[in-house]
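With my numbering, letter number 115 in the sequence shown gets 153, and the count goes up by one each step, no holes. Note that the Cβ used here is the ideal one computed from N, Cα and C, for glycine as well. Reading through the structure tokens given below for one structure.
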Amino acid sequence: MLTLAFTDGSILPWDDVQARKIFWHSSAHLMAEALEALYPGVKFGVGPAVETGFYYDVDLGDRQISESDLKAVEDKMMELAKAKETFERKEVSKAEALDYFKKKGDPYKCELIEALEDGTITFYTNGNFTDLCRGPHIKHVDDIKAVKLTAIAGAYWKGDQNREQLTRIYGVTFPKKSMLDEYLVLLEEAKKRDHRKIGKEMELFTFSSRVGLGLPLWLPRGAQMRYTLESFLRRKQAELGYLQVVTPHIGAKDLYVTSGHYAKYGKDSFQPIHTPQEGEEYMLKPMNCPHHCEIYRSSPRSYRDLPLRLAEFGTVYRYEQSGELHGLTRVRSFTQDDAHLFCRPDQLQEEFEKVIDLIL
Numbered sequence: 039m040l041t042l043a044f045t046d047g048s049i050l051p052w053d054d055v056q057a058r059k060i061f062w063h064s065s066a067h068l069m070a071e072a073l074e075a076l077y078p079g080v081k082f083g084v085g086p087a088v089e090t091g092f093y094y095d096v097d098l099g100d101r102q103i104s105e106s107d108l109k110a111v112e113d114k115m116m117e118l119a120k121a122k123e124t125f126e127r128k129e130v131s132k133a134e135a136l137d138y139f140k141k142k143g144d145p146y147k148c149e150l151i152e153a154l155e156d157g158t159i160t161f162y163t164n165g166n167f168t169d170l171c172r173g174p175h176i177k178h179v180d181d182i183k184a185v186k187l188t189a190i191a192g193a194y195w196k197g198d199q200n201r202e203q204l205t206r207i208y209g210v211t212f213p214k215k216s217m218l219d220e221y222l223v224l225l226e227e228a229k230k231r232d233h234r235k236i237g238k239e240m241e242l243f244t245f246s247s248r249v250g251l252g253l254p255l256w257l258p259r260g261a262q263m264r265y266t267l268e269s270f271l272r273r274k275q276a277e278l279g280y281l282q283v284v285t286p287h288i289g290a291k292d293l294y295v296t297s298g299h300y301a302k303y304g305k306d307s308f309q310p311i312h313t314p315q316e317g318e319e320y321m322l323k324p325m326n327c328p329h330h331c332e333i334y335r336s337s338p339r340s341y342r343d344l345p346l347r348l349a350e351f352g353t354v355y356r357y358e359q360s361g362e363l364h365g366l367t368r369v370r371s372f373t374q375d376d377a378h379l380f381c382r383p384d385q386l387q388e389e390f391e392k393v394i395d396l397i398l
């Protein structure tokens, strides 16, 4: 079994989710060290591990980095890894941390430090690169035996479109080259099964810049596929006593304020629609829940009427930044197979089990 040693003294197998997360976050530090060597003066945002690999958001100033430049960064990473560097942890005061990154000219790190409490700040150094980080990390950088930088994208600092746009560089690393080889084969197989590729080849859906970003257009074959799936689901729901309802694509802003959704999700919704003549405010429906609750409230109910199961294939609208859109998996308009169940406390377990049965 392949195991890894970490700076906190732990030893974990590669198959452990936490082990891979630490390994990939450590790899983000190694990539940052390589970038700093190749692009002096580069400024750094954050560099977390993700489900498969890692990324780092960087500010290269007036310089650009393209896919063709990634090989040089990969080579530099492997050169540094083979130098047998280690990760060194150091506790620093808030004043020391701010002083270090101000002198270095890294405003993003200074902004992160301002939000931290004194006595909770640590630096990690590998080779010539020092980063603000909680850790832990892999103990030996040369545990990284294979690297592949997979993509470049744009990303707003702290996800705020009014802030600086940074360059996000994605990558993945492994403790054995054979693991990377296997991963790249799987990646190629996944590309063949990418829903965007299949959707285009089978003429299921398309997008149009004239209609708007993230707003899918279902073509005849795709629409038929949807109707077939919906028909199957409607039959299954009917068997379990669900009642179909239909609600509008917009709702008064006050509806979502009352439900509490606006306070939590207002910034992720499209801006309200105003009717100047009436002085009203409406929103594109970001969720179906308040509408279904209003249907429940539309007439008196007895405990004998419960459970009441309301279902809808409801189309909703969420504002996603353009850089976050991805095929049909991140869109601005999508249809939910949505339902809301109203029941007595003594019916809760049975209803829960029926929901699981329907999902299965």
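Here DSSP, grouped into helix, strand and coil, assigns H329 to helix. DSSP places L218 in the uninterrupted alpha helix (DSSP H) bounded by K215 to K230. Apart from the 5 residues on each side of it in sequence, L204 sits with its Cβ closer than 7 Å to the Cβ of G83, D95, V96, D97, A193 and W195 in its chain, given in chain order.
Assignment of H364 by DSSP, reduced to helix, strand and coil, places it in the strand class.
Taking a cut-off of 8 Å on C-beta distances, the stretch 328–348 touches the stretch 367–379, as three or more cross pairs fall below it. Per DSSP, L50 lies in no alpha helix (DSSP H) segment; the continuous beta strand (DSSP E) that holds it begins and ends at I49 to P51. Straight-line measurement puts the Cα of Y294 at about 10 Å from the Cα of K302.
If you compare the alpha carbons of L225, A290, S246 and Q199 with that of G209, the shortest gap goes to L225.
Where Q203 is concerned, there is no enclosing alpha helix (DSSP H), although the beta strand (DSSP E) around it starts and stops at Q203 to F212. Residue burial is scored here from C-beta neighbours: D46 has fewer than 16 other C-beta atoms within 10 angstroms and is therefore classed as exposed.
Counting along the chain, R259 sits inside no beta strand (DSSP E); it lies in the alpha helix (DSSP H) bounded by residues P258 to E277. The stretch 221–237 makes no contact with the stretch 121–129; the number of CB pairs closer than 8 Å stays below 3. DSSP, read as helix, strand or coil, puts L386 in helix.
Here the C-alpha atom of E71 lies approximately 14 Å from the C-alpha atom of D180. A distance below 6 Å between beta-carbons, with the five flanking residues on each side excluded, links Y300 to the following residues of its chain, in chain order: Y294.
Under the criterion of beta carbons closer than 8 Å, P213 and W52 qualify as touching, at roughly 6 Å. Distances from the alpha-carbon of E74 to those of E105, A135, S104 and G165 put G165 closest. Inter-segment contact for the stretch 306–313 and the stretch 264–281 is absent: fewer than three beta-carbon pairs are separated by less than 8 Å.
Cβ-Cβ separation between K235 and F44: approximately 39 Å, too far for a contact (criterion under 8 Å). Distance from the CA of K323 to the CA of S360, rounded to the nearest whole angstrom, comes to 20 Å. M39 sits exposed, since fewer than 16 C-beta atoms from the chains shown fall within 10 Å of its C-beta.
Its chain contains D306, S307, F308 and R370 as the residues whose beta carbon lies nearer than 7 Å to that of Y357, once the 5 sequence neighbours on both sides are disregarded; these appear in chain order. For the 8 Å CB-CB criterion, R273 and Q282 do not form a contact. Restricting attention to V354, F243 and G317, the CA atom closest to the CA of T285 is found in V354. Take L150, set aside five residues on each side of it, and the residues of its chain with a beta-carbon closer than 8 Å to its own are V84 and L170, in chain order. Here G91 is buried, its C-beta having at least 16 other C-beta atoms within 10 Å. Here L251 really is in contact with L363; their C-beta atoms are around 6 Å apart, less than 8 Å. Note on the stretch 273–326: whole beta strand (DSSP E) runs with a minimum of 3 residues are 288–290, 311–313 and 318–322, in chain order.
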